[in-house]
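> In this note's numbering, the protein residues as written are 106 to 227.
Don't be surprised by glycine CBs; every beta carbon is placed ideally from N, CA and C.
No experiment lies behind these values; they were computed from the predicted model shown.
#1: To the nearest angstrom, how far is it from the Cα of residue 155 to the Cα of residue 108?
#2: Rounded to a whole number of angstroms, what is the C-alpha to C-alpha distance between residue 226 and residue 216?
#3: Return yes when the Cβ of residue 142 is within less than 8 Å of the Cβ of residue 214, no when it is not.
#4: So residue 201 is in the beta strand (DSSP E); what residue range does that whole segment cover?
#5: What number of angstroms, rounded off, separates the C-alpha of residue 132 from the C-alpha of residue 121?
#6: For residue 158, write down the residues that DSSP places opposite it in a beta bridge.
#7: Any idea which residues DSSP pairs residue 190 with across the strands?
#8: Would a C-beta distance cut-off of 8 Å place residue 207 and residue 138 closer than the cut-off?
#9: Starting from the Cα of residue 204, find the closest Cα among 173, 181, 135 and give me that residue.
#10: Short check: CB of residue 218 to CB of residue 169, under 8 Å?
As structure tokens, this is what we get:
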């Protein structure tokens, strides 16, 4: 194994695999929430004509390249939402959360976009 796994983690993993139906359901939920998050960002992009390059997800996160990556990152962090910022490529890596968490995240990104538009039109 390429990773060291302690005894407690091994026992926890074994217990999880005894309940495969729960694991399968959780995977389905994450996949559904990721797809919804991706589609919601596409809708934001189209609605506000923002410069988002949204990579179609194949894991539990959405990657968005945008010139606004750093300012969105700081705005979200200031509002209690943590995402990953990759300055080298100007991107945000947004891990899928619960429906409620994703909704809150999207509201904050939309609020940022609206505030940015208002400040630029003054």
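Based on what the coordinates show:
#1: 41 Å
#2: 15 Å
#3: no
#4: Careful: residue 201 lies outside any beta strand (DSSP E) and carries neither H nor E.
#5: 13 Å
#6: 170
#7: 197
#8: yes
#9: 135
#10: no
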